[in-house]
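Numbering (this note's numbering) for the sequence shown: 3 to 226. Here a beta-carbon is modelled for each residue, glycine too, at the ideal position from N, C-alpha and C. Computed from a predicted structure; not experimentally measured.
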Amino acid sequence: MNTPNEEAAFGLYLILTDPVAGYERCTEAAVEARLRYVQLRMKKEPPDRILAVARRLRAITAGTATRFILNDDPDLAAAAGADGVHLGQEDEPLLQARRRHPELLIWGLSTHNEAQAAAAVALAPTYIGVGPVFPTPTKARPDPVLGLERMSRIIRSTPLPAVAIGGIQESNLAEVLRAGAVNVAVVRAVCRHPDPAVAIRRLLEIWRAEVQPPPFRAPGSDPA
């Protein structure tokens, strides 16, 4: 069982791409479950459409424990009032984007191999994504699959909070956590489910069983 510190262990990270239940309903479910992060990822939509959806989701997350992240575009993230942005290796360089948008407090960065994860340390993102762990159809040009063993090596070697990503579902979540991941990003596991609250609850049950230590009880004390 993993026993990480609370700040680095935020657990489930929800990425929203074409959710069958709708962006708003999924975000409401994430807020209700007190997920740390929900990210809007709309790769093929025009900027005005992305901004309209982002502003609606920002309104849902405002004042809650859930941080709203926009994928790829720091300018749109700032315009939407997002908490932060998640950048890929081919997006605007993180340091340059951070200088332009100091109002964005959270900076995520995708990494797909050991070299990228090592280079990320000097950039000091809030967290890095590590993947894809498994094959996934959510990208038009997918990066090479890491597999569990390589994912584990990268996560264990970085001092940064790391989020395993790529093809993670209810059926394989436990093995990802047992391989050393503490935080995991999911897309289809929630976005393809007709009831996002149910999907999130099932994933969190697995996460808690594998990651959260049981409450401490002094020897000889009665269970609560």
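Could you work out which residue in the options is closest to residue i when comparing CA atoms only?
{"i": "P198", "options": "Y15, A31, L16", "result": "A31"}
{"i": "G182", "options": "V135, G90, S112, R51", "result": "V135"}
{"i": "V55", "options": "Y25, R36, V147, V33", "result": "Y25"}
{"i": "I156", "options": "T128, V188, A122, P144", "result": "A122"}
{"i": "S58", "options": "A84, L37, Y39, H103", "result": "Here the sequence assigns Arg to residue 58, which means Ser is not the residue at that position. With distances taken between Cα atoms, R58 lies closest to A84."}
{"i": "S112", "options": "V165, L175, C193", "result": "V165"}
{"i": "L96", "options": "A126, E116, I71", "result": "A126"}
{"i": "P21", "options": "L206, P196, I202", "result": "P196"}
{"i": "G90", "options": "D50, P49, D145, L107", "result": "D145"}
{"i": "A23", "options": "E207, G133, V184, I202", "result": "I202"}
{"i": "A67", "options": "E172, R38, P161, T138", "result": "R38"}
{"i": "P48", "options": "F12, D75, L206", "result": "D75"}
{"i": "E116", "options": "D93, L72, P161, D77", "result": "P161"}
{"i": "L179", "options": "I130, L16, V213", "result": "V213"}
{"i": "C193", "options": "F12, C28, A10, Y15", "result": "C28"}
{"i": "A10", "options": "R60, P104, R204, V184", "result": "V184"}
{"i": "W109", "options": "G133, H103, V87", "result": "V87"}
{"i": "Y129", "options": "I71, A176, G169, I170", "result": "I71"}
{"i": "S154", "options": "A124, H114, R143", "result": "H114"}
{"i": "V33", "options": "M44, R51, R69", "result": "R69"}
{"i": "R143", "options": "H103, A81, R36, K45", "result": "K45"}
{"i": "A61", "options": "A82, I52, R36", "result": "A82"}
{"i": "D50", "options": "D77, A35, A124", "result": "D77"}
Opposite residue i in the DSSP bridges: which residues?
{"i": "Q41", "result": "I17, I71"}
{"i": "L89", "result": "L111"}
{"i": "G131", "result": "S112, V165"}
{"i": "A187", "result": "Y15"}
If we count the other Cβ atoms within 10 Å of its Cβ and call it buried at 16 or more, is residue i buried or exposed?
{"i": "P221", "result": "For P221, the predicted model reports a pLDDT of 49, less than 50, meaning its position is unreliable and no value from the coordinates is stated."}
{"i": "R101", "result": "exposed"}
{"i": "G65", "result": "exposed"}
{"i": "P137", "result": "exposed"}
{"i": "P163", "result": "buried"}
{"i": "L18", "result": "buried"}
{"i": "A119", "result": "buried"}
{"i": "Q250", "result": "Limits of the chain in this structure are 3 at one end and 226 at the other, which puts residue 250 out of reach."}
{"i": "A99", "result": "buried"}
{"i": "S159", "result": "exposed"}
{"i": "L14", "result": "buried"}
{"i": "L107", "result": "exposed"}
{"i": "A79", "result": "buried"}
{"i": "R43", "result": "buried"}
{"i": "A249", "result": "Any property of residue 249 remains undetermined from this structure, which presents the chain solely from 3 to 226."}
Does the segment 184 to 200 come close enough to the segment 141 to 154 to have 3 or more Cβ pairs within less than 8 Å? In short, these stretches do not touch, since the Cβ pair count stays below three.
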